[in-house]
Amino acid sequence: FVAIVLYLFAVLILQGVEHYARTPNELSDSLYEYYGSVGRTLTCLFMAITGGREWEALVEPLKGVSPFYTGLFILYIAFAFVFLTNILTAVFVERSSQIAKADSDLALLEEYD
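Okay, so the sequence shown: first residue is 1091 according to the numbering used here, each after it adds one.
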């Protein structure tokens, strides 16, 4: 699921960059470096959510393309942050539940002895 969402956002952003590149505007080096292909865009988006690069530096080249793509990038960051936070919370809650159940079972065994 995460890979599909990552790919979807990468393709949407790359479409905007490609459309921008077809106009007479000059393509900045950072725009090409981060968003020059699907692979580069995927890498850029992955780095943004894993701490590989500051996402503010990664969104800066998109500001010249369109406010829509800047917003799309920020939406991706927000989605990924909430998704990852929910996954981590679920892991901790599940582990805590397992520990509590084991502790409860141990207390019952001691009570019967």
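For each residue, glycine too, the CB sits at the ideal point set by N, CA and C.
Going by C-alpha to C-alpha distance, which of the options sits closest to residue i?
i	options	result
Leu1162	Val1092, Phe1099, Ala1093 and Ile1094	Phe1099
Leu1135	Gly1106, Arg1112, Val1095 and Lys1153	Val1095
Ser1120	Asp1195, Ser1187, Ala1147 and Tyr1166	Ala1147
Gly1141	Glu1201, Tyr1122 and Ala1170	Ala1170
Glu1144	Gly1154, Gly1129 and Tyr1124	Tyr1124
Val1092	Asp1195, Leu1196, Ile1139 and Asp1193	Ile1139
In the DSSP assignment, the alpha helix (DSSP H) including residue i goes from what residue to what residue?
i	result
Arg1112	Val1092 to Arg1112
Asn1115	Note, Asn1115: premise wrong, no alpha helix (DSSP H); not H, not E.
Ser1187	Pro1157 to Tyr1202
Glu1144	That residue, Glu1144, is in no alpha helix (DSSP H); it is neither H nor E in DSSP.
Ser1120	Asp1119 to Tyr1125
I'd like to check one pair, residue j with residue i: are the Cβ atoms closer than 8 angstroms?
i	j	result
Ser1118	Pro1151	yes
Thr1133	Val1149	no
Val1128	Val1172	no
Val1155	Val1107	yes
Thr1131	Ile1103	yes
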